[in-house]
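To keep things clear, I will list the structure first and then write my remarks on it.
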Amino acid sequence: MIKPERLKKGDKVAIVSLSRGMLGEDWAIHKLDIAKERLENDFGLEVQVMDNALKGIDYLYQHPQKRAEDLMNAFKDPSIKAIINAIGGDDSIRLLPYIDFDVIKNNPKIFMGFSDTTSNHLMMYKAGLVSYYGGSLMNNWSEYMKINDYTKNALVHAFFEPVERFEIKSSPVCSYSQDVVLWSEENVNTPRKFYRDEKGYQVLQGEGKVQGRLLGGCLDVFIELLGTAIWPSIDEWKDKILFVETSEVDMPDYQLCWLLRNLGAQGLFDVLKGIIVGKPAIEEKFEVYNQVYKQVIAEEFHRPDLPIITNVNFGHAEPIGIIPYGLQCELDVEQRTITILEPMTR
């Protein structure tokens, strides 16, 4: 896996809309203004919005090749050092026919986003590039009032000041989908509600310490990826730590069960070193989903020994950290810690 270079003041970052094109809608453009000001003033970066990123929901839905064109052009441009996806959605898999994997491999740079961006991350993974699950433009970089301290700390230590070992700590506060502040210029001074997280990381099963390279994404998106050229083979899953989370869509427990059974039928639970599960966007799903994981993995696929840590801060509940694809990670079940064992960028 190729690890991209860290960011420095004066570097240029590109904004792309690879999924739903809402960033270009009149009601949403203020989110770009907020993020641009922070990226330039707080982090000393130059922002370039790619040619098609602001053409709106209808145009970008109808022209997936234009979304891919922006991505390819951002990789080809040697002056661009990082690429930030605007927002998720549900159809970035449609970019696959227009992706040149050699362009990605030969022009390594930071790429970040989450949710539907899982499809794009697995494109990066196929090209051999380390990419970063977390930090979309409209969710995090342009959060109203300020970037959450937990998320900002993760962004800094991933991209600006990488450290030899980075522990992904449990946030002392949390916020769920029902706490979202409606995106509107009227609400730019309305902070999101956060609550004290009484749960912290939860050990679902397993013991001891395990190490492996990180691979995963949003389970909702896996449905679109199975059987495609970017879905990893069973050999690629061997000795990995799987990270998964669910979106703000209220996934029924039976659908989660079906998805996990598919992973089990592929043989993943026989070859993985461990699993980390993101905090659910809907708080009431915490215990329900935990029971599904135990039922499928421990009972149905006979792996009660496979370490699983849940309620981890990445994905659709806030605040979120950064999960780097392909980097070495350690799970310490007894201590309930998750540690990246190498700098996240060069």
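Going by our numbering, the sequence shown opens with residue 1182, and the numbers climb by one from there. No residue lacks a Cβ here, since even glycine has one placed at the ideal position from N, Cα and C. Small disclaimer: the values here were computed from a predicted structure and weren't measured.
For residue i, verify whether its CB is less than 8 Å away from any heavy atom of the ligand FAD.
i, result
"A1479", "This structure does not include the ligand FAD; it has no bound ligands of any sort."
Relative to the C-alpha of residue i, which candidate in the options has its C-alpha closest?
i, options, result
"S1300", "F1341, Y1382, E1405", "E1405"
"Y1306", "Y1435, R1394, H1483, E1465", "R1394"
"T1491", "K1333, Y1382, K1217", "Y1382"
"E1366", "L1199, P1185, D1214, M1525", "D1214"
"K1262", "G1225, I1210, A1195, V1230", "A1195"
"I1291", "G1398, G1237, A1339", "A1339"
"V1402", "P1372, N1320, I1422, L1437", "L1437"
"L1336", "I1457, R1219, K1460, Q1516", "R1219"
"E1250", "P1488, D1431, R1275, E1388", "R1275"
"E1342", "K1190, I1504, N1233, Y1435", "K1190"
"Q1472", "E1499, P1433, G1507", "P1433"
"V1230", "K1193, V1493, G1315", "K1193"
"L1226", "G1205, S1260, Y1240, Q1246", "S1260"
"K1466", "N1222, H1497, V1361", "H1497"
"A1479", "L1441, A1209, K1460", "L1441"
"Y1279", "G1387, A1308, P1245, I1210", "P1245"
"F1224", "R1187, A1209, K1236", "R1187"
"P1533", "F1424, Q1476, K1184", "What is shown of the chain runs 1182 to 1527, which leaves residue 1533 out entirely."
"F1375", "E1468, I1501, H1483", "I1501"
"N1494", "Y1435, E1426, L1235, K1184", "E1426"
"V1361", "V1197, M1319, D1378", "M1319"
For residue i and residue j, I'd like the C-alpha separation in whole angstroms.
i, j, result
"K1454", "E1481", "18 Å"
"K1212", "S1323", "6 Å"
"Y1242", "P1485", "43 Å"
"L1363", "G1294", "20 Å"
"T1332", "D1281", "31 Å"
"M1182", "M1304", "13 Å"
"L1400", "D1207", "31 Å"
"D1513", "Y1474", "19 Å"
"S1352", "R1527", "26 Å"
"C1355", "S1312", "25 Å"
"L1449", "I1349", "24 Å"
"L1385", "I1415", "24 Å"
"V1458", "Y1357", "15 Å"
"S1428", "D1271", "11 Å"
"W1439", "D1431", "15 Å"
"R1373", "N1329", "10 Å"
"P1488", "N1233", "43 Å"
"H1302", "M1253", "14 Å"
"D1451", "G1445", "8 Å"
"A1530", "Y1470", "Outside the shown range of the chain (1182 to 1527) lies residue 1530, about which nothing can therefore be said."
"I1463", "Q1359", "8 Å"
"G1309", "Y1240", "31 Å"
"I1210", "Q1476", "44 Å"
"K1184", "E1468", "36 Å"
"T1371", "K1236", "28 Å"
"H1483", "I1519", "24 Å"
"R1517", "K1286", "35 Å"
"G1398", "D1378", "23 Å"
"V1197", "Y1435", "35 Å"
"N1334", "P1505", "15 Å"
Return the Cβ separation of residue i and residue j in integer angstroms, given the expectation that the two are a contact with Cβ distance under 8 Å.
i, j, result
"W1412", "L1396", "11 Å between Cβ atoms; not a contact."
"N1288", "K1257", "6 Å"
"R1201", "I1268", "6 Å"
"I1503", "G1315", "4 Å"
"E1221", "E1388", "That belief does not hold up - the Cβ atoms of E1221 and E1388 are roughly 48 Å apart, past 8 Å."
"V1344", "P1524", "6 Å"
By Cβ distance below 8 Å, which residues in the same chain neighbour residue i in space, the five residues on each side in sequence not counted?
i, result
"L1407", "N1443"
"K1317", "The sequence shown places Ser at residue 1317, not Lys. Excluding sequence neighbours, S1317 sits near I1265, N1266, A1267, I1268, G1269, M1293, G1294, F1295, S1296, T1298."
"I1238", "R1201, G1202, M1203, G1205, E1206"
Can you name, in chain order, every residue of its own chain whose Cβ lies under 6 Å from the Cβ of residue i, other than the five neighbours on each side?
i, result
"C1510", "L1395, I1422, I1521"
"G1507", "M1182, V1311, R1394"
"E1499", "S1356"
"V1369", "Y1325"
"N1321", "T1332"
"K1380", "N1492"
"D1420", "G1393, K1454"
What residues in its chain sit with their C-beta under 7 Å from that of residue i, if we drop five residues either side in the sequence?
i, result
"K1217", "V1228"
"L1199", "R1248, L1252, N1266, S1273, L1276, T1298, N1301"
"V1284", "M1253, F1256, K1257"
"Q1447", "I1415"
At a Cβ threshold of 9 Å, is residue i touching chain D?
i, result
"S1198", "Any reference to chain D falls outside this structure, which holds one protein chain only."
Q) Where in the stretch 1243-1292 do unbroken runs of the beta strand (DSSP E), each at least 3 residues long, occur, reported from the N-terminal end onward? A) 1261-1266
Q: Entirely within the stretch 1300-1337 and at least 3 residues each: give me those beta strand (DSSP E) ranges in chain order.
A: none
Q. Residue ranges of each alpha helix (DSSP H) run of no fewer than 4 residues wholly in the stretch 1457-1497, ordered along the chain?
A. 1466-1474
Q: Can you check the stretch 1390-1457 for any beta strand (DSSP E) of at least 3 residues that lies completely inside it and give the ranges in chain order?
A: Those beta strand (DSSP E) runs which fall completely within the stretch 1390-1457 and span 3+ residues are 1390-1399, 1421-1426.
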